[in-house]
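Encoded as C-alpha cells, the structure appears first; notes follow it.
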Amino acid sequence: MTQAPQILCIGSVLWDIIGRSDRSMRVGSDVPGRIIRVPGGVAMNIAMALSRFGLKPSLLTSIGRDAQGDELIEAAKVRDIQTDYIYRSDDLPTDIYMAVEGANGLIAAIADAHSLEAAGDKVLRPLSDGRLGSAESPYAGPIALDGNLTAALLREIATSPLFSAADLRVAPASPGKAERLQPLLHHPRATLYVNLEEAGLLCHQTFHRSQDAAGALIAKGAHRVLVTNGGDDATLASQNTVLTQTPPSVMVARVTGAGDTFMAAHIAAEMNGADSMNSLTQALEAAALYVSGDTDI
743 MTQAPQILCI
753 GSVLWDIIGR
763 SDRSMRVGSD
773 VPGRIIRVPG
783 GVAMNIAMAL
793 SRFGLKPSLL
803 TSIGRDAQGD
813 ELIEAAKVRD
823 IQTDYIYRSD
833 DLPTDIYMAV
843 EGANGLIAAI
853 ADAHSLEAAG
863 DKVLRPLSDG
873 RLGSAESPYA
883 GPIALDGNLT
893 AALLREIATS
903 PLFSAADLRV
913 APASPGKAER
923 LQPLLHHPRA
933 TLYVNLEEAG
943 LLCHQTFHRS
953 QDAAGALIAK
963 GAHRVLVTNG
973 GDDATLASQN
983 TVLTQTPPSV
993 MVARVTGAGD
1003 TFMAAHIAAE
1013 MNGADSMNSL
1023 TQALEAAALY
1033 VSGDTDI
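Note that my numbering has the sequence shown beginning at 743, numbered continuously upward.
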C-alpha cells in the first residue's frame, strides 16, 4: 500500500551536469575544475532537501522510460522520495540541466525541460483522478510547485479547483521563468519564494533591498512572499507581517540548488511548528550551510 505523502513536489526532475572551478571565470574562460552529474531539477532539489529534513515528499513530474530515467527513479527512492505518481513517458526523454560555476558564482546554465513541458497536465493526473484528490475533494496538504511548467499550465493551476485547498508554495525555477508566475500572484493560498531579480521581473521594477521587493509584491496582491538577496537581507512578508533577517556569512562553494534548499528548509520548519521568525532563521541557516559545501547534495 502506498504511504500518503506529507508534501507534493511538482515540476522538474532531471539530471544536473555541473562544472565547478575554484577560479573566477568570465565568457570564454577555460579553467581546471570538477564536473559532476547529480539528481536535480527544482522539484527534485526541494524533495531531496525535504527528505533530509525528515519529511516524506512525493514527486509529480515527467520522466522518460529510458536508462537515465530509470537511474533517476532509483536515485529518488534511495533518498526516501516517493515516485509512485510520476508520469513515465515512452516517447519523451528524461530532461537535463547544465551549469558552469566559478568562484564568482554561476557563470551560465541551460535547462532542457522540454519533456516536462510537453507532458503538460499529464503530470497532474493524480490530483484529479482520485489517487491524491479530485475537483470535488481537492488535495489539502502542502504542495511545492516550480515554474518549469508551461505558462499555460501555470495559468490553469492558478484557478483550478484541484489546488483550491492546498498550501501552495511556489518557486519560479529561474529569473528567465519568473514572469510565468504572474497568474499565481493572486492565489489566496500561495506563498512565493523569489530572489531579488525575480521579484523585480514580476513587479517590472529594480530593487536593491528584499524589504522593498517584498512590499511591492504584496501591494500587487500576493498572499505571502519570501524574497532572498544572496548573502544579504531576506524578507518574509504578508498583509500583516514583515520580517527581515541577514543570513550567516560563509565562504561560497556552490550556488546551484541554494534557493531550493532555502525553500525546503522554510517549509519543513513551518510544518514542524516553528513560528515565522524561527522558520526564516532556519531557512537562512540551511541555505548558508548548503552554499558553504558543508552538507551533501
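Glycine residues also receive a C-beta, built at the ideal position from the N, C-alpha and C atoms. These numbers come from a predicted model, not from an experiment.
Residue range 932–937 is occupied by the beta strand (DSSP E) that includes residue 937.
Linking residue 825 to residue 905 through their CA atoms gives a straight-line distance of about 20 angstroms. When the alpha-carbon of residue 993 is set against those of 1030, 974, 976 and 1002, the nearest one is in 1030. Per DSSP, the beta bridge partners of residue 912 are 887 and 934. Distance check between residue 777 and each of 759, 1034 and 765 places 759 closest, using alpha-carbon atoms only. For residue 945, DSSP records no beta bridge to any residue.
The DSSP-derived three-state label of residue 980 is strand. Around the beta-carbon of residue 846, fewer than 16 other beta-carbon atoms lie within 10 Å, marking it exposed. It is roughly 25 angstroms from the alpha-carbon of residue 1020 to the alpha-carbon of residue 929. Nearest C-alpha to residue 909 among 860, 896 and 933: 933.
The beta carbons of residue 795 and residue 1010 sit closer together than 8 angstroms. Taking a cut-off of 8 angstroms on C-beta distances, the segment 945–961 does not touch the segment 826–839, as fewer than three cross pairs fall below it. The segment 745–820 contains, as complete beta strand (DSSP E) runs of 3+ residues, the segments 749–752, 756–762, 776–782, 799–802 and 804–806 (chain order). A Cβ-Cβ contact shorter than 8 angstroms links residue 888 with residue 754. Scanning 807, 862, 970 and 886 for the CA closest to the CA of residue 917 turns up 970. About 6 angstroms separates the beta carbons of residue 868 and residue 802, which is inside the 8 angstroms limit, making them a contact pair. The shortest CA-to-CA distance from residue 782 to any of 853, 831 and 767 is the one to 853.
919 is the residue among 823, 861, 919 and 851 whose C-alpha sits nearest the C-alpha of residue 943.
In this model, residue 959 and residue 947 are separated by some 11 angstroms (Cα to Cα). Here the alpha carbons of residue 769 and residue 751 stand approximately 35 angstroms from one another. At a Cβ-Cβ threshold of 8 angstroms, residue 991 and residue 972 do not count as neighbours.
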